Amino acid sequence: MKHIQIVLFPAFDPLDVIAPFEVLAAACDQAGSDIVVELVCEGEPRRFVGGTRDLALTATATLDPTKPGYVIVPGVSGPVEGDPDAGDVTIPVLLARVADSAVVPLLRRALDNPDIVVATQCGGTLMVAMTGLLEGRTAVTHTLGNDVLEATGVTVVRTRVVDDGDLVSSGGVTSGLDLGFHLATREFGPNVASAVERLFEYERRGTPWYTERALIPS
Amino acid sequence: MTITGTWDSRLKTPLGSLSVLFTFTDVEGELRGTATGRGETVALRDLVAIPQPAGSTHLTWSQSITKPMRLDLDFEVTIAGDELTGSSRAGRLPKTSVVGARV
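Line by line, the protein sequences give chains A and B.
Here my numbering is used: position 74 in the first sequence is 74, and no number is missing along the way.
Here my numbering is used: position 34 in the second sequence is 1034, and no number is missing along the way.
Set out below in structure tokens:
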């Protein structure tokens, strides 16, 4: 059975988590699919706080890079401006903490697993790229982070969703909706995705960029 | 070459300042360099040194690091006496200052 594992870690951006979660959960319902959509974390399932007002979400399972399906990596929420030398915990600093954590070896295994598509959302793309795991790949992150992403050895395409085959990335914050619809289209086809668009009263924005590695949805 | 040796330098990354030791060596007339920081030593690529009329040396090179994060950096510095000053740039990000001194 496939799983859609959305990863939680400290300072996660709530919309990055909830947008793909809700879209993909609704798509599974629409398709009558038994794919499991769940919030996961490295280690024991537990509660995490993130966002500008410390919203709490609880992981219900452990991130498992052997489960076929999708692993979705959100970004973090935090101050955009600030001097790390002065102790300011900026978004890059928060991302680097995740990049130094035990979640990364699991993400490496997920990227190496041919039965898993890793999808990164907002600063989540930059977080993974900081570790060097996206060297030579084509991707996008939040608009404020795309110049840094490029300096990590990633080819940046400035759009809302970039499909690089087993790596799908999306831009900032609300792009998580488009990421959810893109993955729903890949998994279930355009009719299911359109039905969820009607249900959610949302129409996808932008044009997804497909690289040569990408599977063009039928 | 008067620039050969080791230079203790500081540069900025999106994660804050980084202390780096640059080492320039003369290998049979060819200038080579390395950068060591956070326990990682990387080679300097496309290293070009142009002597200036006043006796200083203008240097440019590129380097790729993985600590504290994977980053491609381009450098443009001037070495005059025992001082190294200039800038580094990560991709399209704004240039940031680099300062160093001979060890």
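All residues carry an ideal CB built from backbone N, CA and C; glycine is no exception.
This one's a predicted model, so the numbers in the text were calculated from it and none came from an experiment.
> Can you give the beta carbon distance from V40(A) to L24(A), rounded, assuming they're within the 8 Å contact cut?
Replying inline: Incorrect: roughly 14 Å between the Cβ atoms, too far for contact.
>> Within 8 Å, do at least three Cβ pairs link the stretch 157-167 of chain A to the stretch 133-143 of chain A?
In response: yes
> Start and end of the beta strand (DSSP E) containing D1026(B)?
Replying inline: G1016 to V1027
>> Which of the three DSSP states is assigned to T1004(B) in this structure?
In response: coil
>> DSSP has H182(A) in a bridge; who is on the other side?
In response: Answer is none; H182(A) lacks a bridge partner.
> What whole-angstrom Cβ distance do L133(A) and L111(A) have, given they're in contact under 8 Å?
Replying inline: 6 Å
>> Starting from Q1052(B), trace the alpha helix (DSSP H) in both directions and tell me its first and last residue.
In response: Taken as a continuous stretch (DSSP letters only), Q1052(B) belongs to no alpha helix (DSSP H), as it is neither H nor E.
> What number of angstroms, rounded off, separates the C-alpha of I4(A) from the C-alpha of K67(A)?
Replying inline: 9 Å
> Assuming V98(A) contacts F9(A) under a Cβ cut-off of 8 Å, what Cβ separation, rounded to an integer in Å, is found between them?
Replying inline: 5 Å
>> As a quick exercise: from A102(A), T131(A), V128(A) and N113(A), pick the residue whose alpha carbon is nearest that of A42(A).
In response: Note that residue 42(A) is Glu in the sequence shown here, rather than Ala. Considering only alpha carbons, the answer is A102(A).
> When you compare only the Cα positions, how much space is there between R1038(B) and P1068(B)?
Replying inline: 7 Å
> What whole-angstrom Cβ distance do S170(A) and D164(A) have, given they're in contact under 8 Å?
Replying inline: S170(A) to D164(A), Cβ: 12 Å. No contact.
> What does a CB cutoff of less than 6 Å around F188(A) pick up in its chain, not counting 5 residues either side in sequence?
Replying inline: A27 and A31, listed in sequence order.
>> Short of 9 Å Cβ to Cβ, which residues in the stretch 1048-1060 of chain B face chain A?
In response: none
> If you pair each beta-carbon of the stretch 1068-1081 of chain B with each one of the stretch 1089-1099 of chain B, do three or more pairs fall below 8 Å?
Replying inline: yes
> Looking only at C-alpha atoms, which of M130(A), R204(A), D34(A) and V71(A) sits nearest to G91(A)?
Replying inline: It should be noted that the sequence gives Ile, not Gly, for residue 91(A). Considering only alpha carbons, the answer is M130(A).
>> Do P45(A) and A59(A) have their beta-carbon atoms positioned less than 8 Å apart in this structure?
In response: yes
> Expressed to the nearest angstrom, what Euclidean distance is found between the alpha-carbon atoms of P65(A) and E197(A)?
Replying inline: 30 Å
> Given a limit of 7 Å on CB to CB distance, which residues of the stretch 66-91 of chain A reach chain B?
Replying inline: Answer in chain order: P84 and D85.
>> So L1071(B) contacts chain D; which residues on that side make the cut at Cβ distance below 7 Å?
In response: Among the protein chains of the structure shown, namely A and B, there is no chain D.
> What did DSSP end up calling E42(A) once you bin it into helix, strand or coil?
Replying inline: Coil.
>> Please state whether the Cβ-Cβ distance between S1019(B) and R1010(B) is less than 8 Å.
In response: yes
>> Give me the residue from A184(A), Y202(A), D16(A) and E201(A) with the minimum Cα distance to D29(A).
In response: A184(A)
> When you compare each of Y202(A), C122(A) and I6(A) to F48(A) by their alpha carbons, which one comes out closest?
Replying inline: I6(A)
>> What does DSSP give as the partner residue(s) for H3(A) in the beta ladder?
In response: H3(A) pairs with V36(A) and G69(A).
> the stretch 1015-1027 of chain B: which residues have C-beta closer than 8 Å to a C-beta of chain A, in chain order?
Replying inline: Contacts with chain A (Cβ-Cβ distance below 8 Å) from the stretch 1015-1027 of chain B involve L1015, G1016 and S1017, listed in chain order.
> Straight-line CA distance for K1012(B) to S1097(B)?
Replying inline: 7 Å
> What residues in the stretch 1074-1093 of chain B have a beta carbon less than 7 Å from any beta carbon of chain A?
Replying inline: A1090, G1091, R1092 and L1093
>> Quick test of your reading: A195(A) and F181(A), contact by CB under 8 Å. State the CB separation rounded to the nearest angstrom.
In response: 11 Å between Cβ atoms; not a contact.
> Going along chain A, which residues have a C-beta under 7 Å from T1066(B)?
Replying inline: Within chain A, the residues near T1066(B) are G132.
> Shortest alpha-carbon distance to W1061(B) belongs to which of T1078(B), V1103(B), G1005(B) and G1055(B)?
Replying inline: When only C-alpha atoms are compared, the closest one is T1078(B).
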